[in-house]
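Protein chains in written order, with this note's numbering: chain A, 8 to 330; chain B, 50 to 536.
Each residue gets a CB set at the ideal place from its N, CA and C atoms; glycine is no exception.
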């Protein structure tokens, strides 16, 4: 067999949890297939290469970078710009890079709110002098630097141009392997800007739970207020499930675990905003024509914004809560 | 003044940076460990329904999401004032043992082993898990990947999601276990016990049989005499899922033993201007600065501190190895930072044995997985041992169960002061007048950090550029089916 040159791969995290890196790790024994096709040349969680090694690379040196995590601070932004310069194909990998993810819930508050809670009002914290972390702090030996903590969480494509989006929290490993193999075997890639490694249609298309045409409800319920039969569509049981506003491709994994979907794969191909889609889905479920009663039914949905935009606030039409 | 910057520190989960300041002569003046990020979970949990917390907080860490899920699940139980059914507790604990198995395997083989098996000052490009596999052989490497995969599969089955588990509800779990699944897990758990024993043997053969390494562990600059924290059961044995938090002083004497809801009496945190991560310390002792000893409130919460804080292990084989460890290292408590790696393997064996016990228990397949919720939600604390330290979640809600406040003390955060001190001590011991500070020396400084932090780094993602390695795949008859060559 003719030996093809290996691709150079980098994996980096911004404001992330490491779960995306775990999803790469979960190729398990297929590791050796990956090794056949790629050299990983930067991956802080696993490899002893440092920032200076990336800075020393010529522009476009890296074939593919999987960038996971949102842009929360100046270090995330600096690395996003640096890796964009050094990379031919930049992939926003996972919900946080794609739409802001769970760290994006911080856009319901702001830097001041977060700092006050963490460093001042926290019940376990003693901080009478109101010390906050500083970007530049002078110690007897010199100056210590910290990245700037931004007021807003941003998605990767709000900072640099992104070639592809691979959604999920984290992306399903099988989808990653499919995309990876397509790249290394030289398959024709979809147009730049596409979502890859996911379906075009919604979760509901994949979901095995029983659905009837009757989704009408007089009240929305919290998951612990019903006895889930494990078989019936959550929405038909009155429980908010983000399935209709969420792209398929994960294997309906949470629903298989009897937990309603929370939307980590982002909106389906024909939907631009998950919250707007969910509002319209819910509007069709309300079993009333009386404006007063409709309002009451809607009020039974707890934390609609935090639920409909659980993974997508920074990348949504809203982007943040105005404070 | 010379300055060395290690940025980022690698083979760990998360971001970190070390600044080493030296005099013109080359001696270390001071060392600062900085954590450059903050995400603010405590703040943005406010306004969320409390039952969603256990799924939101898994995103604090994708390496130990199960720990946050369990601490949050227990805090949520407490918010509702409900005790989960016995079957639900057993299912949670079984999941949790698989979580420990996966994490401890990954940490030992991918994170710790490169420094010992390949060598602390080996070239950076080889100092990773593929380097380990090249030394110990592909068969062992494949077995490592396999056992970790099995642990992940058990978690996916019980947890509903391979990484960001969704199993907990207030007072229960979402999904039961069938008899067939129970039997399957039992067989797999027995495999974990064998693998844990094997791992302890490797540690014995590679590390303990090497005088240089034993000398580094016992007499190197990796030693910190501070308090030890860990969760214990009613017999003061190590427990990961439930119990009271026990703290012993540097001599091994009990300082306190507190129930989760009392944590605010015993632990307090301070803020430094140069790091986004806070510094917890023992409240009754107080913060006396980055100093060791009984009069300083600095403690650690690690596999080693858990063993130090307990009177033993609750399963027989783990107890045997617990005794061997303390006998070899000169009695309790042990303050050798690198002994954390050994303690982690003793814990791996305990998690495996405990998984067998739970999978043998027929009650675990009962359909009774959800307790009734009799009370209005209010306030609750949940504590578990995460792989990297005691993990505390505390939520306050309104009467509808919407979170009004949240306070979290995360595993690694406990160790922030201790890690800073260990790094400084290692740097002072290694970087001196006349010593050429190369990448190998700086890696040995990083070793002080790595011992604390069980990063998941597993074989599968250590794929450096230039390491010579040949992997040969054979079928059951010994025929070569595939060959992978790296030059």
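By DSSP's criteria, residue i is part of a beta bridge. Which residues make up the other side?
i: residue 429 of chain B; result: B:444
i: residue 72 of chain A; result: A:17 and A:97
i: residue 293 of chain A; result: A:224
i: residue 30 of chain A; result: Paired residue(s): none; residue 30 of chain A is not in a bridge.
i: residue 239 of chain A; result: A:217
i: residue 77 of chain A; result: A:22
i: residue 70 of chain B; result: B:52 and B:79
i: residue 161 of chain A; result: A:78
Taking the straight line between their C-alpha atoms, what separation do you get for residue i and residue j?
i: residue 130 of chain B; j: residue 422 of chain B; result: 8 Å
i: residue 187 of chain B; j: residue 250 of chain B; result: 17 Å
i: residue 223 of chain B; j: residue 206 of chain B; result: 12 Å
i: residue 318 of chain A; j: residue 147 of chain A; result: 43 Å
i: residue 287 of chain B; j: residue 399 of chain B; result: 9 Å
i: residue 193 of chain B; j: residue 39 of chain A; result: 14 Å
i: residue 471 of chain B; j: residue 157 of chain A; result: 31 Å
i: residue 389 of chain B; j: residue 104 of chain B; result: 30 Å
i: residue 215 of chain B; j: residue 203 of chain B; result: 14 Å
i: residue 497 of chain B; j: residue 256 of chain B; result: 16 Å
i: residue 70 of chain B; j: residue 197 of chain A; result: 50 Å
i: residue 360 of chain B; j: residue 299 of chain B; result: 15 Å
i: residue 314 of chain A; j: residue 142 of chain A; result: 34 Å
i: residue 458 of chain B; j: residue 111 of chain A; result: 21 Å
i: residue 312 of chain B; j: residue 283 of chain A; result: 43 Å
i: residue 316 of chain B; j: residue 82 of chain B; result: 21 Å
i: residue 19 of chain A; j: residue 113 of chain A; result: 21 Å
i: residue 374 of chain B; j: residue 439 of chain B; result: 22 Å
i: residue 512 of chain B; j: residue 406 of chain B; result: In this predicted model, residue 512 of chain B has a pLDDT of only 28, less than 50, meaning its place in the structure is not dependable; the value taken from the coordinates is given anyway. Their backbone Cα atoms lie some 37 Å apart in a straight line.
i: residue 133 of chain B; j: residue 121 of chain A; result: 33 Å
i: residue 464 of chain B; j: residue 272 of chain B; result: 14 Å
i: residue 232 of chain B; j: residue 252 of chain B; result: 31 Å
i: residue 183 of chain B; j: residue 54 of chain A; result: 16 Å
i: residue 226 of chain B; j: residue 74 of chain A; result: 37 Å
i: residue 148 of chain B; j: residue 382 of chain B; result: 27 Å
i: residue 242 of chain A; j: residue 16 of chain A; result: 42 Å
i: residue 308 of chain B; j: residue 364 of chain B; result: 23 Å
i: residue 377 of chain B; j: residue 294 of chain B; result: 27 Å
Can you tell me whether residue i is buried or exposed, with buried defined as 16 or more other CB within 10 angstroms of its CB?
i: residue 88 of chain A; result: exposed
i: residue 188 of chain A; result: exposed
i: residue 275 of chain B; result: buried
i: residue 258 of chain B; result: exposed
i: residue 211 of chain B; result: buried
i: residue 352 of chain B; result: buried
i: residue 98 of chain B; result: buried
i: residue 456 of chain B; result: buried
i: residue 343 of chain B; result: exposed
i: residue 294 of chain A; result: exposed
What distance in whole Å lies between the Cβ atoms of residue j and residue i, which are believed to be in contact at a cut-off of 8 Å?
i: residue 280 of chain A; j: residue 324 of chain A; result: 5 Å
i: residue 176 of chain A; j: residue 26 of chain A; result: 7 Å
i: residue 241 of chain B; j: residue 340 of chain B; result: Not quite, the Cβ-Cβ distance comes to about 40 Å (not below 8 Å), so this is no contact.
i: residue 201 of chain B; j: residue 244 of chain B; result: Not quite, the Cβ-Cβ distance comes to about 14 Å (not below 8 Å), so this is no contact.
i: residue 285 of chain A; j: residue 252 of chain A; result: 4 Å
i: residue 163 of chain A; j: residue 203 of chain A; result: Not confirmed; about 15 Å, so no contact.
i: residue 117 of chain A; j: residue 320 of chain A; result: About 13 Å separates the two Cβ atoms, so there is no contact after all.
i: residue 107 of chain A; j: residue 322 of chain A; result: 5 Å
i: residue 444 of chain B; j: residue 434 of chain B; result: Actually they are not in contact, since the Cβ atoms of residue 444 of chain B and residue 434 of chain B sit about 19 Å apart, beyond 8 Å.
i: residue 219 of chain B; j: residue 100 of chain B; result: 6 Å
Run the proximity test for residue i: is its beta-carbon closer than 8 Å to any non-hydrogen atom belonging to the ligand HEM?
i: residue 102 of chain A; result: The ligand HEM is absent from the structure shown, which contains no ligands of any kind.
Task: Chain-ordered residues of the stretch 88-99 of chain B with a beta carbon less than 9 Å from chain A - done: 88, 89, 90, 91, 92, 93, 94, 95, 96, 97 and 98
Task: Residues, ordered as in the chain, of the stretch 109-127 of chain A that lie near chain B by beta-carbon distance below 7 Å - done: 109, 110, 112, 113, 115, 116, 120, 121, 124, 125 and 126
Task: Interface positions of the stretch 299-330 of chain B facing chain A (Cβ-Cβ less than 8 Å), listed along the chain - done: 312, 313, 316, 317, 318, 319, 320, 321, 322, 323, 324, 325, 327 and 329
TODO: May I ask you to list, following chain order, the residues of the stretch 207-236 of chain A that have a beta carbon less than 7 Å from some beta carbon of chain B?
DONE: 229, 230 and 231
Open item on the list: Beta carbons nearer than 8 Å to chain A: which residues of the stretch 402-426 of chain B have them?
Closed with: 419 and 422
Task: Positions along the stretch 284-298 of chain A whose CB lies within less than 8 Å of some CB in chain D - done: In summary, chain D is missing from the structure at hand, where the protein chains are A and B.
Task: Residues, ordered as in the chain, of the stretch 114-134 of chain B that lie near chain A by beta-carbon distance below 7 Å - done: 114
Open item on the list: Using a Cβ-Cβ cutoff of 8 Å, what residues of the stretch 64-81 of chain B are near chain A? List them in chain order.
Closed with: 64, 68, 70, 78, 79 and 81
- [ ] Below 9 Å between beta carbons is the criterion; list the residues of the stretch 156-172 of chain A that meet it against any residue of chain B, in chain order.
- [x] 156 and 160
TODO: Check distances from the C-beta atoms of the stretch 211-237 of chain B to those of chain A and list, in chain order, the residues that come in under 7 Å.
DONE: 211, 212, 213, 215, 216, 218, 219, 223 and 224
- [ ] Taking only beta carbons into account, state which residues of the stretch 252-268 of chain A come closer than 7 Å to chain B, listed in chain order.
- [x] 260, 261, 263, 264, 265 and 266
Open item on the list: For the stretch 23-39 of chain A, list every residue whose C-beta sits within 9 Å of some C-beta in chain B, in sequence order.
Closed with: 23, 24, 25, 26, 27, 28, 29, 30, 31, 32, 33, 34, 35, 36, 37, 38 and 39
TODO: Using a Cβ-Cβ cut-off of less than 8 Å, give me the residues of the stretch 133-144 of chain A that come near chain B, in sequence order.
DONE: 133, 134, 138, 139, 140, 141 and 144
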